[in-house]
Amino acid sequence: MNATATARLLADIGGTNARFAWQNGPGAPIEAPHTLPAAEHATLAEAMQQYLLRIGRAAPPGCSIAIANPVVGDRVAMTNHHWTFSIAELKAQLGFTQLLVVNDFTALALALPALAPDELRQVGGGAARPEHAIGLIGPGTGLGVSGLLPDGRGGWLPLQGEGGHITLAGTTPREHAVLEAIGARYGHASAERAVCGQGLVDIHLALAQIDRPQAVPPTVAAPEITAAALDGSDPSCVEALTLFCAFLGNAAGNLALTLGAKGGVYIGGGIVPRLGAWFDASPFRARFEAKGRFRAYLEEIPVYVIHAKRSPALLGAANALESSAPFAGRAD
Numbered sequence: 012m013n014a015t016a017t018a019r020l021l022a023d024i025g026g027t028n029a030r031f032a033w034q035n036g037p038g039a040p041i042e043a044p045h046t047l048p049a050a051e052h053a054t055l056a057e058a059m060q061q062y063l064l065r066i067g068r069a070a071p072p073g074c075s076i077a078i079a080n081p082v083v084g085d086r087v088a089m090t091n092h093h094w095t096f097s098i099a100e101l102k103a104q105l106g107f108t109q110l111l112v113v114n115d116f117t118a119l120a121l122a123l124p125a126l127a128p129d130e131l132r133q134v135g136g137g138a139a140r141p142e143h144a145i146g147l148i149g150p151g152t153g154l155g156v157s158g159l160l161p162d163g164r165g166g167w168l169p170l171q172g173e174g175g176h177i178t179l180a181g182t183t184p185r186e187h188a189v190l191e192a193i194g195a196r197y198g199h200a201s202a203e204r205a206v207c208g209q210g211l212v213d214i215h216l217a218l219a220q221i222d223r224p225q226a227v228p229p230t231v232a233a234p235e236i237t238a239a240a241l242d243g244s245d246p247s248c249v250e251a252l253t254l255f256c257a258f259l260g261n262a263a264g265n266l267a268l269t270l271g272a273k274g275g276v277y278i279g280g281g282i283v284p285r286l287g288a289w290f291d292a293s294p295f296r297a298r299f300e301a302k303g304r305f306r307a308y309l310e311e312i313p314v315y316v317i318h319a320k321r322s323p324a325l326l327g328a329a330n331a332l333e334s335s336a337p338f339a340g341r342a343d
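The sequence shown: position 209 = 220 (our numbering), numbered continuously.
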């Protein structure tokens, strides 16, 4: 099937999954979504070609890719996956006339104003203030951070940064010990080192090393830690997930203060939406607000957990094509 002149291929590329969809033009419905395991494809181009083969369509003129990685120039080398590519070469290989590559959380930020109430769950705080900055943070394979700033004309400017790599601080001796172990392992205890899937594994491992320094620490996968924490069957897993949520609250509160995010802070990524009510009862909200003299400031800020059925970053990738923001990964 031939594409229309305004059609575009949309992609949300993470370290684990590559999500694709089709849009016939600006404002048109997003259709034909498919998720492909990234590990099953040698290159991004191969995964894109496989998607097009599945839906029986030729490559459209336009393409917008949201990717879990910094985008600072033509060459993109993924931090949490082996894919690397040139934006210009990918455009030529697939025959696009327009190709935009943006950070996945920058794209997700651009989708936030369009999320429906039933795609969000509020965790504390009051009402969001219109035309105020919005924060976005989310643990998955890594830790994404972005946000939206009002442009003064009724629109939004997305943040393009790597806030997941800020240095993470602890507030209790136990947290300090865990972060010291993580820092010794990686050389830097960033927020992403603790607040992502692998971070949950490393928190659990650090606790085992602290409590039983002479024993060989077990390595338990993140889904197993989460399951044992949610059903309360393993105290070490409960503590690991509790610390994970506390660290996320610390980082999210810092983001809210930095942006003045009275428009709310949103939590994306693949981990937190699966925790349900357990997350609501975790230390997250208390740690979000625990900023000394600015506790009252933060108590008013609502936090929303995103649980949309379809990747909002696909909509954000589409919106990025119409955004006036200067994106480094544009090839027109």
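All C-beta atoms, glycine included, are put in the ideal place defined by N, C-alpha and C.
In DSSP terms, what ARG30 is bridged to
Translated into the one-based positions of the sequence shown, residue 30 becomes position 19. ASP23 and THR46.
Strictly under 8 angstroms for the Cβ-Cβ distance: is ALA125 near chain D by that measure?
Structure shown: chain D not included; a single protein chain is present.
Quickly, what does DSSP pair ALA77 with across the bridge? List them, please.
Indexing the sequence shown from 1 puts residue 77 at position 66. ALA77 pairs with ASP23 and VAL113.
In angstroms, rounded to a whole number, what distance separates the CA positions of CYS256 and GLU203?
One-based indexing of the sequence shown puts residue 256 at position 245. One-based indexing of the sequence shown puts residue 203 at position 192. Between CYS256 and GLU203, the C-alpha separation is close to 13 angstroms.
Sequence-distant residues of the same chain with beta carbon closer than 6 angstroms to ASP162, five excluded per side
On the sequence shown, residue 162 is found 151 positions in, with the first residue counted as 1. Excluding positions up to five away in sequence, the list reads LEU168.
Touching by the beta-carbon criterion (3+ pairs, under 8 angstroms), the region 88 to 96 and the region 129 to 146
No, because fewer than three Cβ pairs between the region 88 to 96 and the region 129 to 146 fall closer than 8 angstroms, the two stretches do not touch.
Should HIS45 go down as buried or exposed, given a rule of 16 or more other Cβ atoms within 10 Å for buried?
Translated into the one-based positions of the sequence shown, residue 45 becomes position 34. Looking at its Cβ environment, which holds fewer than 16 other Cβ atoms inside 10 Å, HIS45 is exposed.
List the residues that DSSP assigns as beta-bridge partners of TRP167.
Position 156 of the sequence shown, counting from 1, holds the residue named residue 167. Answer is PRO161, bridged to TRP167.
Are the Cβ atoms of ASP115 and ALA324 separated by less than 8 angstroms?
Within the sequence shown, numbered from 1, the residue matching residue 115 stands at position 104. Within the sequence shown, numbered from 1, the residue matching residue 324 stands at position 313. Contact flag set, yes.
Can you grab the Cα-Cα spacing for the pair TRP289 / ILE317, in whole Å?
Numbered from its first residue, the sequence shown carries residue 289 at position 278. Numbered from its first residue, the sequence shown carries residue 317 at position 306. The straight-line gap from Cα to Cα measures roughly 15 angstroms.
Quick one: is SER335 buried, meaning 16 or more other Cβ sit within 10 Å of its Cβ, or exposed?
Translated into the one-based positions of the sequence shown, residue 335 becomes position 324. The residue in question, SER335, is exposed, as its Cβ has fewer than 16 Cβ neighbours within 10 Å.
Which ranges would you report for the beta strand (DSSP E) in the region 188 to 239 if only whole runs of at least 3 residues count?
none
The alpha helix (DSSP H) spanning LEU351 covers which residue range?
The first residue shown for the chain is 12 and the last is 343, placing residue 351 beyond what the model contains.
Are the beta-carbon atoms belonging to VAL156 and GLY135 less than 8 angstroms from one another?
The residue given as residue 156 occupies position 145 in the sequence shown. The residue given as residue 135 occupies position 124 in the sequence shown. Not in contact: VAL156 and GLY135 (Cβ atoms no closer than 8 angstroms).
6 angstroms CB neighbourhood of PRO150 in its chain, flanking five on each side removed
Stepping through the sequence shown from its first residue, residue 150 is reached at position 139. So the list reads VAL206, CYS207, GLY280 and ILE282, once near-sequence residues are dropped.
Would you mind reading off the limits of the beta strand (DSSP E) that contains ILE312?
Indexing the sequence shown from 1 puts residue 312 at position 301. No beta strand (DSSP E) holds ILE312; DSSP gives it neither H nor E.
Roughly how far, in whole angstroms, is the beta-carbon of LEU170 from the beta-carbon of ALA120, given that I think they are within contact range, below 8 angstroms?
Counting from one through the sequence shown, the residue named residue 170 turns up at place 159. Counting from one through the sequence shown, the residue named residue 120 turns up at place 109. For a cut-off of 8 angstroms, the C-beta gap from LEU170 to ALA120 is around 7 angstroms, short enough to register as a contact.
Have a look at the DSSP bridge pairing and note the partners of TYR277.
The residue labelled residue 277 in the question sits at position 266 within the sequence shown. Bridge partners of TYR277: LEU147 and TYR315.
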